[in-house]
Every structure is written in C-alpha cells, then in structure tokens.
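For reference, the structure is listed below as structure tokens.
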Amino acid sequence: MSIDVLQEKIRSMKNPVMVGLDPYLPILPRHIVRDALEEHGQTPRGAAAAYTRFCTELLDALRGVVPAVKLQSACFEALGADGIAAMQTLSRYATDQGFYVLIDSMRGDVGSVAEIYAQAMFGTVPIGSTAHRLYSCNALTVNGYLGSDGVRPFLPYCKHDEKSIFLLLKTSNKSSREVQDLLSGDRVIYTAMADLAMRWSEGLFGRNGYSQIGAVVGATYPQTLRLLREKYDRLFFLVPGYGAQGGTARNVQGAFDRFGHGAIITASRSIICAWQSSGSDGRDYCAHAVAAAEKMKQDLAEYVTVL
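Under our numbering, think of the first position of the sequence shown as 9, with each following residue one higher.
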C-alpha cells in the first residue's frame with residue numbers, strides 16, 4: 009500500500025523530508041527563465057519549459073537525498089494546458105527516478121465530480137476504445153470538508169491500486185482557525201474530520217498499521233500536532249509549513265511516534281530557493297537545494313530518530 013511504500017522509503021533513508029516543487033517565474037534562476045523564453049517566447053509554453061527544466065534538474069540532484077516530492081498543482085495549472093502537460097511530465101519523471109510522488113491539489117467536490125477527479129489523477133481516462141493514464145503519482149491531497157461523497161470516490165484506488173489521499177485536518181495558514189478550530193458539539197472541527205478519516209479507513213490499513221487515508225496537519229501548530237498524534241496513532245501525517253512559513257524541527261517532533269514513524273515533513277521555498285540567500289546567481293541552485301535538504305534532515309534528526 010502507498011503509505012507502507014512511503015514509510016519504508018523514509019526508514020531506508022532515515023529521512024522524513026518531502027521537497028515541494030512549487031515553480032514560479034519570479035523565484036527561478038534568471039538563466040533558466042531567459043533560456044526558456046528565448047526559445048519559446050514570452051508565453052505559457054515558455055514558462056512551462058522553464059518550470060520543467062527547473063524541476064527536472066532538482067529531481068536529478070535530490071535523487072537519493074530525499075524520499076519524496078510534492079508537486080504544487082496551482083503553479084502548473086496557472087499556465088493552462090502547457091502547465092498541466094509539464095506537471096504530467098514531471099510526475100512521470102519523478103516516479104521513474106524513484107521518488108514517492110504527491111500531487112498537492114486539495115481536490116474536493118460533490119460525488120459525481122470527485123469521481124472524475126479520482127479517475128483522472130489515479131486511474132485511466134477512457135477515450136473511445138483506448139484508456140490513458142494522465143498522471144503518475146502515489147498520493148493526492150483532498151479537501152474532505154464537503155463530506156463523504158467528496159471522499160469515497162478516491163477510496164477504491166486506495167484499496168486496490170496502492171494510492172493514498174491526505175485529508176486536510178489542521179492546515180498551516182494562520183486563518184485556518186476561523187473554520188477548523190470551531191466547536192462541533194464536544195469536538196473541534198479538525199478532530200471531527202480526523203474521526204471521519206478513521207471511519208472511512210475501514211479495510212485500508214497497511215502492514216505498518218497506518219491508514220491509506222493520511223492527514224494534513226501544519227507544522228505551525230506544534231501543540232495540535234502532538235495532541236493529534238496521541239489520539240490518532242493510525243493516521244499518517246503530512247506536515248506542511250516547515251521553513252519559510254515558520255515551522256521548525258522542534259515544532260514538528262510531536263508528529264512522530266516513539267519510533268520516528270508516522271509523518272513526513274514538507275518544505276518548498278526553503279529548499280528550492282536556498283540559492284537566493286547565498287548571494288548566488290542561481291547557476292548552482294541545485295547544489296544549494298541539496299545542501300538545504302541535507303541540513304533539514306540533520307535538524308530533524310536532533311529531535312526525531314527514525315528507527
């Protein structure tokens with residue numbers, strides 16, 4: 009099962025780090041942008057070419073350094089068809105390179121639309137007498153706050169096709185408390201969502217004990233992380249908010265169990281943009297990304313020992 013694959017990759021590398029690939033023209037090294045726009049013009053195709061080169065070179069550099077990567081779909085979808093094609097290409101390339109691949113799109117809709125999302129992201133799309141696999145990924149972020157009809161279409165893929173979803177529980181943004189911290193009877197909303205995740209997990213537990221339905225819990229709320237880990241020991245946590253958003257290694261230690269299992273910590277800008285704080289012109293951005301990823305692993309190891 010997908011979460012078993014992720015946990016084993018983390019254990020084999022002793023590294024619970026997932027690098028977020030969030031390309032955006034203003035943050036890319038100038039030479040990459042210049043070359044792409046010279047070849048393709050100042051067009052979405054040119055931007056998509058820059059994104060593809062940037063992310064491909066990062067994947068090459070980070071292979072063997074981190075076990076997992078996350079593609080931020082908004083960055084690619086903003087470029088229309090060219091960006092989506094780039095995300096499809098990169099998802100396949102990352103898979104071929106041996107990474108655990110998550111597409112961060114926070115999908116969520118009514119049941120009939122959720123079925124289309126699930127089929128497109130995890131399955132094959134039938135066109136006439138042919139079927140086409142559009143993406144290559146292990147997991148997807150899903151907004152479960154629409155209720156069960158927006159989640160259930162993904163579950164057969166989790167059960168039969170070794171896929172996983174990560175439901176939004178307590179997100180890292182400051183305004184998350186406006187909704188997720190509201191009371192619902194004797195529970196706060198994010199624990200109500202965790203309870204639903206456990207209810208939907210019937211038949212979806214892998215050999216490591218974790219459900220194929222994971223949970224997104226932000227690094228910026230360390231007390232919440234700790235409390236949720238204590239109560240929901242069978243949910244695997246995807247923890248955003250490390251680095252640029254203010255989360256630290258000390259903040260996220262509560263996401264793990266006593267064996268250093270059960271969570272992966274994501275960082276994007278603090279790794280892929282590490283070259284910017286060094287005074288570099290960006291030509292060595294991959295070396296800075298590798299150094300930042302290794303530093304993050306070392307920082308986490310001061311608080312978490314992966315057994």
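C-beta atoms are modelled at their ideal positions from N, C-alpha and C, and glycine is treated no differently.
Being a predicted model, the structure only gives us computed values, none of them experimental.
May I ask you to list the residues that DSSP assigns as paired with residue i?
i    : result
F245 : A223 and A271
M26  : A76 and T274
K178 : V225
A147 : L110 and S172
Y250 : G255
H140 : V133
R71  : V74
R115 : V150
Determine the DSSP secondary structure at residue i, reduced to helix, strand or coil.
i    : result
Y293 : helix
R237 : helix
S192 : strand
F213 : strand
R266 : coil
V312 : coil
V133 : strand
T51  : coil
A59  : It should be pointed out that residue 59 corresponds to Tyr in this sequence rather than to Ala. Helix.
Q231 : helix
A44  : helix
A86  : coil
G158 : helix
P164 : helix
P34  : helix
S286 : helix
Q105 : coil
Y125 : helix
Y218 : coil
Please say whether residue j and residue i have beta carbons closer to each other than 8 Å?
i    : j    : result
V77  : A275 : no
K17  : Y108 : yes
T179 : G226 : yes
D112 : T149 : yes
Y32  : Q96  : no
L87  : V27  : no
C145 : L98  : no
V247 : I273 : yes
K303 : N23  : no
G268 : F244 : no
D117 : G158 : yes
G54  : L45  : yes
L3   : M201 : Summary: the structure shown does not reach residue 3, with the chain confined to residues 9 through 315, and so no result is reported for it.
A252 : S278 : yes
F130 : K171 : yes
S10  : A223 : no
A91  : P52  : The residue asked about is misnamed: residue 91 is Gly in this sequence, not Ala. Closer than 8 Å, so yes.
R234 : Y311 : no
Y101 : T138 : no
I124 : L175 : no
D43  : R215 : no
K167 : G211 : yes
L14  : Q80  : no
A301 : V73  : yes
Leaving out five residues before and five after residue i in sequence, what residues of the same chain have Cβ atoms less than 7 Å from its Cβ?
i    : result
A126 : P161, F162 and Y165
A309 : none
H39  : G290 and R291
S288 : H296
V41  : L33 and A58
With a CB to CB cut of under 6 Å and the five nearest residues on each side skipped, what residues in its chain are close to residue i?
i    : result
L190 : I197
G249 : S180, G226, A227, T228 and G255
M21  : P75
V260 : A227, V247 and I273
H48  : G54 and A57
A122 : G158 and P161
Cutting at 8 Å between CB atoms, please list the residues of its own chain near residue i, excluding the five before and the five after it.
i    : result
R242 : M206, S209, F213, G217, Y218 and S219
P37  : F62, W283, D289, G290, R291 and Y293
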